[in-house]
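Quick note, the numbering used here runs 7 ahead of the 1-based positions in the sequence shown.
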Amino acid sequence: MARLFAQDYHTHSSTWFFNHAVIPLHKGELLYWKSRDEQHIHLHFFPVRQRLEVFSAYVDIVYDPASAMVMAHSCAECKDDPGCRHYLSILRYAYHYLSTDILQDESVETYFGEILSGGEHWLEIVQQAHIAVEGIYEPEADKIRFHLDEFLPMDVKALIQYLVTSPEEAAAESEEDRKQQAKVFTDADIMLLQWLHKHRISFNPRSHYYTIYKSGFASALALMQNSSCRFTVKETGEALIFGGQHPDFTIRISPLGKDEYSVHPVLTSELSAWYYGQPLWLFFRNHVHTVHLPFNQVTAEKLFSFDWRAGLRDLVYLRTIVHKLILNTGVYLDFTEDISFPVIYADPPHLKLSLSPLSDDVAMQGNLTFAGEAEIPLSVLRFRSTLINSAYRSAGSEDAGDPLPTAWFHIPPFVFARVDVLLNRFPNVNLERLEQHSQIIFSGAEEKEILKSAILDLSETEWEIEIAPELRRDFVYKVHLSVQIKAKQADEIDWFEYSVVYHYKDFSFSHDELASYFRSGEPFLHTEDGRLVMITNPSVYEDIDLVIRRSELRKDKIYRSRLMNLPYYQRLKEDNPDIAFGNDATLQRMAEALVLRRHSEASHLPIYLQTVLRGYQKAGISWIMMLRDFRLNGLLADEMGLGKTIQALSVIAVSTSERPNLVICPKTLLFNWAAEIEKFHTEISHCIVEGSAYQRKELYNKPNIKLFIVSYSVVLNDIKTLMDKRFEWIIMDEAQHVKNIRAKRTLAIKKLKSEHRLALTGTPMENNFSELWSIFDFLMPDYLGSIKRFTDDYINPPDPEQNSLRLSRMTAPFIMRRMKRDVLLELPDKQEQISWCKLTSIQEKTYLQILDMVKKTLFPTTNAPVNYINILAALTKLRQVCDHPALVNSDILSGVEVSAKLEQLVELVEDALQSNHKVLVFSQFVQMLRIIRTTFDQLGITYSYMDGQSRDRKAQVDRFNNDPGVSCFLISLKTGGTGLNLTAADTVILYDPWWNPMIENQAIDRTHRIGQTSKVQVFRLITKGTVEEKILALQQGKLEIFRTVIDHGQQLLKQLTTSDIRSLFTLDLS
C-alpha cells in the first residue's frame, strides 16, 4: 500500500514555506469524489461542514496514475496558484490518511467534451429562450421593452455588466459562470445585449426587461436581424421573422388640385408598424422587411402618415432626382396618367466650350447641351443647384430675339466638379461677361497660353471643344478617332475586300496618313488646312494596323484578306467601340454565325444521334459544321470527359463526301475511337492502322473505309502513303502532341491534304503560346503568321498583357471550350466510361507465354479435369500482365513504355490535373501502385498514398482533401474501398477491374457521396482482347457468377462451364 500523492508531498514538504502554509486537518475532515477520463483520475476534495470557515469550498486535482504525479489543480479561492495553501494541505492530508488503494476503487468515467462553444446547460437555455419585444404596434407609446425572463436562471444583466467590465475587474470578481455564459452567445448576440445595456432607459430586475426609447428601435432591429436569438411579439406571441420576399412597395403620386399632388405609399399587405432608419423597417404583422429609401425622417413620417402634399417643384424633383436615386431599391414611383408634367430634361448633359475671337482677346463660352436639342449657358452653375428652371435655346440655333422657351433641367453633381476643375485653372481672368453672355475673356499672351494649356488638358470624351476658324492655328485639337471598315466578298471564294476610313467630326484620315504621322514621332499631326491634331486613342490605329498587316493592298486603296481573318475583324469590333464594321449580306451572315457559333438554322443530325447527344454536344457539332461551311477549321478544347470524340465522329457520320477521313491520336486511344464507333456510330466503316509496314500499306488500300485511325508514331513512317491521299476530314486528337513545332512528326502531319481539319485537346496550351501556334498552323496555315513574327508579337512582346488580348481576339472564334461546371446541369451526377488500351509487344509476348503454359498444363486434353486453384492463379497472372508485365516477370523494367495501360493512366491523370481536377487511382495490386508511385515521382506529380500497410491513413486523407498541391491519391482497392470520405476528388480511375461490383462501387463512393458538389467522372481501364474484355462480354447471368470469383474462389468458378473457362484463356488480336 503506497501513500497517495507521495511524490508531490515530498517535493513540496521540503520547502520552508510548506509548514507555514498548510492548514492542520485531522482524519475525516476532508471528503472527496473520484472520477476518471481516458488518461487521468479526477479528485474533487471538499471539507466537512465544520471546517468550511477555515478551508476552501473545494479543490480539484488531476492525477496521472502512470507517472504517479499530480498534473493540475484548481482551488475555489486560489485558482491554480502553485503556492495554494489548500492544495498543499491536501497533499499533507493525503500522505498521512489516504493510500493509492482508493484509486483502485470502482469509479465513474467522465467525459467533458471540448467540442462545444460553451456548456450544454447554458447552450440549451439560449437555444430555447425567446426575447419578447413589447410595444412594437402601439403608435402612441414612445418606449419598447425587451423581456429576457426566458434566459433564467441566467442573469443577463449581470452577464452584460461582466462583458462591459475590464478584464482586471472581471478577474477580481471571479465571475467564472459569466465567462462560460458569454461563450454560448454569438458576437452578434453580444453586440445586441451590450447595445441594450448602453441605451436602456431602465431595467426591471423583477420582470427582467430592458426599456428603450422607440427612436432607437431601428438601430436595435439592425442588431436583432443578425442575432441568433429568437424574438417574439409580446402581445401576440408570434415569432418575428426577418427578411423573406421583398414587399411590393410603390409610391404613388396623383393630382389633388392645381399644382398640388398627393404622395403616398401603396402596399399589397397591411402595414402594422414602421420605424425610421437607414434602412426603413416595415412590419407586416410579425414579418419584418427593410427598404432603402433616401428620405429624411420628416419626409418618411409624412409619407407613411398619408400627409405628404407636394407642389410642382416637388413633382419635378421626384421625377428627376428621387426617381434616379431609388431605381435600385425595389421601390417604384408611380405617377398617375392624369399628371401633366412640364418640360423636363433629366438625362446628363454634354459639356461644350466654344472659343471665338473678341477683338484682340479670346472669348470662351460654355454651354450645357441636353438630349442634343436644348442648350443652357454654363453660368447657371453658379447657383449650385442640381435642379433649375431656365430659358433655353435649341442647340445650334442663333439668337433671333424671340422669347425663349423654359424647361426644368437636372444638372448632375459631376458637372459641377468638372467645371470647378476647369475654372480653377483661371484664377485671374476677366469675368465681366460671365453673367450676361456666359463668357470668360482671356486677354494678353500669358492668359491665352493658360487657356491653350487648359484646353489641351481637357478630356475630349468629357468636353466638346468648338474652335472658331480664325483660331484654328492657335489651338491643338484633341481627336478621338473612330474607324469605319466596309467589307464585301471578293471574287475569289476564300477572300474578302474592305476599305478603311478614320474620322472625327469634320476630320477624316486615311490609314496611310496616320501611318506617316505615327512613324514621324511628331507630337501633333498637321492637317492640310493648318490645324494641329493630337490623336487621343492611338490604340484604334494600332488595332487596324494589325488587321492591314494581314492584308494585301490593291491600287485602288482597297485591301483584300483571307476569309479566315474575318472572325478576328468581327471580334475586334466587339472589343473596341471605336471600330465600326459594315459587311455585305454574305459576310454579314458569316459574321452573325460566328457570333452565334452556329448557323441561324439548326444543323441536321440523324435521329439516332438526336437522342444520344447532350445539348452542349449538339452545340459543339453545330459549331464545327458552321466552320466547315465557311471553309474554316477549329479547335474543340472541351474539358476531359465531355465527349470530344463523339462530337468529332458525329461530324464524320453526317459527311456525304466519298473521300476517306483520318483520325490521328495517341497509340493508347486507338481502341477508344473504335469503341466509340461501335457504340454510337456503327455505320462508320473504320480501320485501325497498325502492324508492320506491309500490313499498314494493305490496310490503307482496303476499299470502302470511311475512317482510318492511326497513331502519332505511325504517321511519320507512313507519310508518303498518306500524302498520296486527300482526306475529307483530318482530326487530330490530343493535339498537344504537335506542340514541338520543329519535330519531324509535326511537320509531317501538317503536310497532309484535306478539305477540313479539326483539333481535339483538353489542354491546348501547356507551357507557352508557341504550342497554340503549332495547332493553328495545322488548322489554318499562316493564320497566326510565321513563327518568327508570332514570337515577336506574342511570346516576347513589349506589352504582354495587350498582346495576349490580341491573341485571344484572333483565336477565340476558332476555339470552343466548355468546362464541366459550365454544363453541370446537363451532366449526370456520375459519368462512367471505359477507356480502352491494347497490349504492348512485351505485354503481348508475356501474355501469350502464360496462355501457352495454361494450355499445356491445365488443358492438356479436351476432357482433362479442371484444376480450379491453378486456373485462378493463371487468371490473376493474366490480369497482372494487363496492368504491367513487371508484375509477373521481375526482369522486365517498370517503365511507362512497357505498359499501354500505365501510359494511358499518365495521359488521363495529366489531362485531369491540367483542368484542376483531383483524382483517385484504385488498383487491387499493391505492386502496381508502387510502380505508379515511381512513375509519378519521375513526372513530378504530387500524391497521397495508401495501402494495407499504411499507418498514417488519416494524415494522407487530410492531406489530399485539404492541400491544393496534392491532386492525386493512389489507393489499394480493398484498403480504400470503405470508410473514407474523399469528396475533394471528382475523378476516379479504376486501374484494374474488380469483378465484384459492390467493391468497385464502394471505391467510387469515396468521392460520389453526400458533400460532393461536383460531377464525378469514372474511368475503367480495360485492355482490349484480353481476359479483362472477355469478362465484360460474358452473358449477364454468368457475369454475376464470375464477379465474385476472385473473392470467393474456386467454388464459384466451378459454376462456369469448361467452354467458358477455356474462352477466358485466349487473346483476340483482331
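Every residue gets a Cβ at the ideal spot worked out from N, C-alpha and C, and that includes glycine.
Using a Cβ-Cβ cut-off of 7 angstroms (strictly less than) and excluding sequence neighbours within five positions of residue i, which residues of its own chain qualify?
i	result
S279	Y144, F290, F291 and R292
Q1043	At Q1043 the pLDDT is 42, less than 50, meaning the model places this residue with poor confidence; the figure from the coordinates comes in the next sentence. Nothing listed; no residue qualifies.
What is the rounded straight-line gap between the Cα of residue i and the Cα of residue j?
i	j	result
P788	K852	43 angstroms
S386	E477	25 angstroms
M78	F119	17 angstroms
L322	F342	9 angstroms
I462	R764	56 angstroms
Y102	E84	23 angstroms
V964	D954	12 angstroms
L997	T297	54 angstroms
N1085	L441	Given that the chain is displayed from residue 8 to residue 1077, the structure contains no residue 1085 and the question cannot be resolved.
V1052	T883	At V1052 the pLDDT is 43, less than 50, meaning the model places this residue with poor confidence; the figure from the coordinates comes in the next sentence. Roughly 11 angstroms between the two C-alpha positions.
L37	V55	6 angstroms
L980	T942	19 angstroms
R605	I726	34 angstroms
V696	I586	51 angstroms
L170	Q201	8 angstroms
I122	E839	40 angstroms
L110	P89	24 angstroms
V338	S312	18 angstroms
T468	F449	24 angstroms
F52	S214	38 angstroms
H299	T327	18 angstroms
R58	D71	28 angstroms
A742	K1037	32 angstroms
Y509	E808	26 angstroms
T618	L669	26 angstroms
Classify residue i as buried or exposed, calling it buried when 16 or more other Cβ atoms lie within 10 Å of its own Cβ.
i	result
T117	exposed
G622	exposed
S21	exposed
K704	exposed
V428	exposed
T982	buried
E559	exposed
L677	buried
Q850	buried
S1066	exposed
What does DSSP give as the partner residues of residue i in its beta bridges?
i	result
N877	N877 is not bridged to any residue.
E471	K359
A609	DSSP, once it has assigned bridges, lists no residue as partnering A609.
V928	L977 and I996
G589	K493
E131	None; E131 has no bridge partner.
Y509	V490 and F516
N668	L714
Please list, in chain order, all residues of the same chain as residue i whose beta carbon is under 6 angstroms from its beta carbon, the five residues on each side excluded.
i	result
E646	G769, M826, K827 and S922
N590	A494 and A598
P419	P355
R99	V29
V426	L388
W281	L289 and F311
Using a Cβ-Cβ cut-off of 8 angstroms (strictly less than) and excluding sequence neighbours within five positions of residue i, which residues of its own chain qualify?
i	result
T275	P254 and D255
Y511	V486, H487, L488 and S489
F776	F797, Y801, I802 and L814
Would you call the segment 485-505 in contact with the segment 565-572, where contact means no fewer than 3 C-beta pairs closer than 8 angstroms?
Look at the beta carbons and you see the segment 485-505 touching the segment 565-572: at least three pairs across the two are nearer than 8 angstroms.
Per the contact definition of three or more C-beta pairs closer than 8 angstroms, is the segment 700-716 in contact with the segment 671-691?
Contact check between the segment 671-691 and the segment 700-716: three or more CB pairs, one atom from each, fall below 8 angstroms, which counts as touching.
Cβ contact (3+ pairs, closer than 8 angstroms) linking the segment 893-908 and the segment 934-951:
A contact exists between the segment 893-908 and the segment 934-951.
Counting pairs of Cβ atoms below 8 angstroms between the segment 446-456 and the segment 329-343, do you hit three or more?
Too few Cβ pairs lie closer than 8 angstroms, so no.
With a cut-off of 8 angstroms, do at least 3 Cβ pairs link the segment 328-337 to the segment 358-365?
These segments do not touch.
Three or more beta-carbon pairs under 8 angstroms between the segment 775-795 and the segment 659-668, yes or no?
Result no; under three Cβ-Cβ pairs closer than 8 angstroms.
For the segment 548-556 against the segment 609-628, do three or more pairs of beta-carbon atoms, one drawn from each stretch, fall closer than 8 angstroms, so that the two count as touching?
No: fewer than three Cβ pairs fall under 8 angstroms.
Does the segment 161-168 come close enough to the segment 189-201 to have 3 or more Cβ pairs within less than 8 angstroms?
Contact holds: three or more Cβ-Cβ distances are below 8 angstroms.
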